[in-house]
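Residue numbers (our numbering): 10 to 262. Scroll down for the structure; my scribbles are underneath it.
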């Protein structure tokens with residue numbers, strides 16, 4: 010990863026932050042993008058304090074023109090773009106009967122639309138240069154149905170299939186597009202959610218063959234692999250990072 014120019018969206022916390030930190034530790038020049046200015050600058054400062062290279066770009070992923078402008082500017086400044094991690098997303102939890110039009114559209118805007126716009130902008134740089142790798146963060150919810158998560162699950166399923174199509178179009182030019190599908194991850198949001206629900210957390214983790222939820226750094230490791238030269242012939246895949254849950258039969262005897 011040494012000297013690679015990589016953009017990570019949603020990079021101020023959770024999977025995005027863990028990924029940016031891991032890549033910076035491996036020598037990449039990181040561009041961290043997120044909507045919240047203060048936590049974003051704090052994340053950049055932590056990387057720099059540890060001896061890494063990073064810069065901040067305050068960006069709302071639902072602002073298509075802003076996303077395109079950031080990616081184009083990074084490519085102009087550095088002369089290339091080696092990697093993009095589309096991590097930022099919008100989450101909604103609601104049964105279909107109670108799901109509003111606005112929540113449905115917002116979930117797709119923050120997930121599918123944002124992934125499309127950023128990928129399109131990155132490919133405009135990567136295809137002419139003949140190299141580059143894009144990793145889109147999906148979810149195991151995009152593979153399997155869960156009641157109450159229609160918008161989120163549908164958006165992540167779209168991200169998975171979009172990644173495959175993008176991979177087919179980009180492969181002849183030496184560019185790779187892959188996805189990761191995390192299962193349950195102890196992001197700051199999940200840590201807060203389960204803080205006063207230990208029994209629910211234990212029940213959920215008991216359904217995972219590994220017996221626990223993932224840490225953000227474990228998802229970052231998978232993303233790092235897909236971005237790296239160790240994965241030069243890996244293209245169009247969606248890598249489950251879920252402690253074995255996807256491989257498990259629903260009923261265990």
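Using N, Cα and C, we set each Cβ at its ideal position, and we do this for glycine too.
| Item | Value |
| --- | --- |
| Residues near residue 115 by beta carbon distance below 6 angstroms, same chain, minus five either side | 99 |
| Per-residue DSSP class, three states only, for residue 249 | strand |
| CB contact flag (residue 147, residue 189, <8 angstroms) | yes |
| Beta carbon of residue 15 nearer than 8 angstroms to that of residue 89 | no |
| Beta carbon of residue 152 nearer than 8 angstroms to that of residue 255 | yes |
| Strand pairing of residue 74, partner residues [DSSP] | Answer is none; residue 74 lacks a bridge partner. |
| When 30, 175 and 43 are compared against residue 60, the one with the closest alpha-carbon | 30 |
| Same chain, Cβ closer than 6 angstroms to residue 257, five either side skipped, listed in chain order | 218 |
| DSSP-derived helix/strand/coil call for residue 104 | coil |
| Within the stretch 190-256, ranges of the beta strand (DSSP E) (whole runs, at least 3 residues) | 247-250 |
| Selected residue, minimal CA-CA separation from residue 42, among 234, 93, 171 and 192 | 93 |
| Cα-Cα separation, residue 185 to residue 237 | 11 angstroms |
| With 16 other Cβ atoms within 10 Å as the buried cut-off, status of residue 10 | buried |
| For residue 64, the three-state DSSP class (helix, strand or coil) | strand |
| As assigned by DSSP and simplified to three states, the class of residue 96 | coil |
| Close-in-space but distant-in-sequence residues of the same chain around residue 166 (CB under 6 angstroms, 5 per side omitted) | 151 |
| C-alpha distance - residue 47 paired with residue 72, whole-angstrom precision | 19 angstroms |
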